[in-house]
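Colleague: Going by the UniProt record's numbering, the final residue of the sequence shown carries number 352, and the count climbs one at a time with no gaps. Virtual Cβ for every residue (Gly too), placed ideally from N, Cα, C.
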Amino acid sequence: MTQAGVSLDVQNLRKSWGKTDVLMGVNFNIEPGGFLTLLGPSGCGKSTALRLISGLDEVSDGKILIEGNDVTQRPADQRNIGMVFQNYALFPHMTVGENIAYGLKVRRVAKAARIASVARVAELMALGPLLDRKPAQLSGGQQQRVALARVLVSERPLVLMDEPLSNLDAKLRVEIRSEIRALNKKLGITIVYVTHDQSEALSMSDTVVLMNEGRAEQIGTPKQLYDAPATIFAARFIGTPPMNLLPASDVTVHDEMRADADMSDLLIGVRPESLTFPEQTMELAANCNVTSVEYEGSVFLVHLMSPSGSPFILSYAGADVPEQGDAITVGWTRAATHLFSKTTGQRIPSAP
Ligand SMILES: Nc1ncnc2c1ncn2[C@@H]1O[C@H](COP(=O)(O)OP(=O)(O)OP(=O)(O)O)[C@@H](O)[C@H]1O
1 MTQAGVSLDV QNLRKSWGKT DVLMGVNFNI EPGGFLTLLG PSGCGKSTAL
51 RLISGLDEVS DGKILIEGND VTQRPADQRN IGMVFQNYAL FPHMTVGENI
101 AYGLKVRRVA KAARIASVAR VAELMALGPL LDRKPAQLSG GQQQRVALAR
151 VLVSERPLVL MDEPLSNLDA KLRVEIRSEI RALNKKLGIT IVYVTHDQSE
201 ALSMSDTVVL MNEGRAEQIG TPKQLYDAPA TIFAARFIGT PPMNLLPASD
251 VTVHDEMRAD ADMSDLLIGV RPESLTFPEQ TMELAANCNV TSVEYEGSVF
301 LVHLMSPSGS PFILSYAGAD VPEQGDAITV GWTRAATHLF SKTTGQRIPS
351 AP
């Protein structure tokens, strides 16, 4: 089964409800077969953007182009888009097979073709043995697989997914995550995915649009967002635990600090996994006190407090685990250092 994807181009998308501006000029585009995630905290406008792309709501301004065609004013049913939501809304009285085939039946696809399509998708999604069951006889993960199968069978070249995994437990989320990603690559369908879970976004996407209060804060590959967060917001949002941010006064620099940076305006960022302990005369260092230690399985998360009272975290995999109350020094390299301006919230490009 091949389902070539389409390109999507979103230009200056705006949405206001009354006097409330929910989207304030968002731009992004995806190549055919791409996987783009809208990521951000609750209320930042992710679902709104998805509803505008689908045609469920009308834009206040801006354009939506699919394969270069302006569909902004087209009704939802003329955009050829599939959707998967958090609530998979299967019909309880129908079997799995009937649920998957429903859309095809509505579109008056002939019975033999329907049966063939359902069989193909059921095999793809490993649902074959479950086709005669009712939704109530399925686990949450199986139900979500049926919901995905229902969209796939309709062979839409663009599929929008709004937090489709948030009702599932952690293990299933990880499993279905990789299934969705594999389907995206195998079928070549274009996917726009909405989530507030940054690890989901990083693990699945080709491109992440990190949103903050109705704007795109940063757009890039998962690696670009992780390696070079463009703003303090992005630094705090991406990574578990997120990047440590310390005032310059807490940090010892072992050679000359850049002269053109205003120290009082500087926040120095370093990821918990980039810190070394014991400090090995690295290029930057901070003295701190251990406030608590958390066991995470593969690492210990050592919670620290800087002299100025900023909390930060060391991700530690060594043998001599520091203990609560210890005074320790952690170090890191220039290459692992991120600089931000407190005033503008923006990244300062080069290391000190
Ligand atoms: N129909 C509506 N009328 C008025 N305000 C709305 C409407 N729909 C959404 N909003 C507001 O728009 C803002 C963005 O909502 P949206 O659902 O897009 O956020 P989100 O990022 O998807 O959040 P969540 O992750 O919580 O779903 C919210 O402040 C919400 O209250």
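Give me the Cα-Cα distance between residue 120 and residue 63, rounded to the nearest whole angstrom.
Modeller: One C-alpha to the other measures close to 36 Å.
Colleague: Report yes if the CB atom of residue 162 is closer than 8 Å to the CB atom of residue 85, and no otherwise.
Modeller: Yes, they are a contact pair.
Colleague: In the DSSP output, which residue or residues are listed as bridge partners for residue 244?
Modeller: According to DSSP, residue 244 bridges with 270.
Colleague: Is it the case that the Cβ atoms of residue 347 and residue 240 are separated by a distance below 8 Å?
Modeller: No, these two residues do not count as a Cβ contact at 8 Å.
Colleague: What three-state label does DSSP hand residue 344 in the structure shown?
Modeller: Looking at residue 344 - three-state DSSP - the assignment turns out to be coil, as it is neither helix nor strand.
Colleague: Say the cut is 7 Å; is the CB of residue 54 nearer than that to a heavy atom of ligand 1?
Modeller: Not under cutoff, so the answer is no.
Colleague: Report yes or no: is there a C-beta of chain D within less than 8 Å of the C-beta of residue 50?
Modeller: Considering every chain present, this structure includes no chain D. It has just one protein chain.
Colleague: Within this structure, are the beta carbons of residue 38 and residue 209 separated by less than 8 Å?
Modeller: The answer is yes: Cβ separation under 8 Å.
Colleague: Tell me, please, which residues DSSP counts as bridged to residue 8.
Modeller: DSSP lists 30 and 66 as partners of residue 8.
Colleague: Does residue 238 come out as helix, strand or coil in the three-state DSSP assignment?
Modeller: It is coil, neither helix nor strand.
Colleague: Looking only at its chain, what residues have a beta carbon closer than 8 Å to the beta carbon of residue 259, apart from the 5 residues adjacent to it on each side?
Modeller: Its pLDDT being 46, under 50, residue 259 is placed unreliably by the model, and the measurement read from it follows with that caveat. Cβ within range, chain order: n/a, list empty.
Colleague: According to DSSP, what are the bridge partners of residue 311?
Modeller: Answer is 305.
Colleague: What's the gap between the Cα of residue 201 and the Cα of residue 335?
Modeller: Cα-Cα distance, rounded: 25 Å.
Colleague: How would you call residue 106, buried or exposed, if buried means at least 16 neighbouring beta carbons within 10 angstroms?
Modeller: Residue 106 comes out exposed.
Colleague: With a cut-off of 8 Å on the beta carbons, I'd call residue 53 and residue 10 a contact; round off their distance for me.
Modeller: Yes, they are in contact, since the Cβ atoms of residue 53 and residue 10 sit about 7 Å apart, within 8 Å.
Colleague: Going by C-alpha distance, which of 226, 195, 183 and 90 is nearest residue 123?
Modeller: Considering only alpha carbons, the answer is 183.
Colleague: Measuring alpha carbon to alpha carbon, tell me which of 155, 235 and 288 ends up nearest residue 104.
Modeller: Per the Cα distances, 155.
Colleague: Rounded to a whole number of angstroms, what is the C-alpha to C-alpha distance between residue 330 and residue 296?
Modeller: Computed Cα separation, rounded: 20 Å.
Colleague: According to DSSP, what are the bridge partners of residue 193?
Modeller: Per DSSP, 37 and 161.
Colleague: Could you check which residue in 222, 140 and 59 has the C-alpha nearest to that of residue 198?
Modeller: Of the candidates 222, 140 and 59, the one whose C-alpha sits nearest the C-alpha of residue 198 is 222.
Colleague: Measure the alpha-carbon distance for residue 15 versus residue 59 and round it to whole angstroms.
Modeller: Spanning the two alpha carbons is a distance of roughly 6 Å.
Colleague: Is residue 49 near residue 71, with beta carbons less than 8 Å apart?
Modeller: Taking 8 Å as the Cβ cut-off, residue 49 and residue 71 do not qualify as a contacting pair.
Colleague: If you count every other CB in all the chains shown that lies within 10 Å of the CB of residue 149, and 16 or more means buried, which is it?
Modeller: Classification for residue 149: buried.
Colleague: Helix, strand or coil: which one does DSSP assign to residue 231?
Modeller: In the structure shown, residue 231 sits in a strand (DSSP, three-state: E or B).
Colleague: In three-state DSSP terms, what is residue 278?
Modeller: Three-state DSSP puts residue 278 in coil, outside helix and strand.
Colleague: Note down, one range per segment and in chain order, each alpha helix (DSSP H) of at least 4 residues found wholly within the region 110 to 188.
Modeller: 111 to 124, 140 to 153 and 170 to 187, all fully within the region 110 to 188.
Colleague: Any heavy atom of ligand 1 within a distance shorter than 7 Å of the CB on residue 45?
Modeller: Yes - ligand 1 has a heavy atom lying nearer than 7 Å to the Cβ of residue 45.
Colleague: Kindly identify the DSSP beta-bridge partner or partners of residue 21.
Modeller: 16, per the DSSP bridge assignment.
Colleague: To the nearest angstrom, how far is the alpha carbon of residue 68 from that of residue 164?
Modeller: Rounded to whole angstroms, residue 68 to residue 164 spans 28 Å at the Cα level.
Colleague: In terms of residue numbering, what span does the beta strand (DSSP E) encompassing residue 290 cover?
Modeller: From DSSP, the beta strand (DSSP E) with residue 290 extends over 284 to 295.
Colleague: Taking all protein chains shown into account, do 16 or more other C-beta atoms lie within 10 angstroms of the C-beta of residue 17, making it buried, or fewer, making it exposed?
Modeller: Exposed, by the Cβ-count rule.
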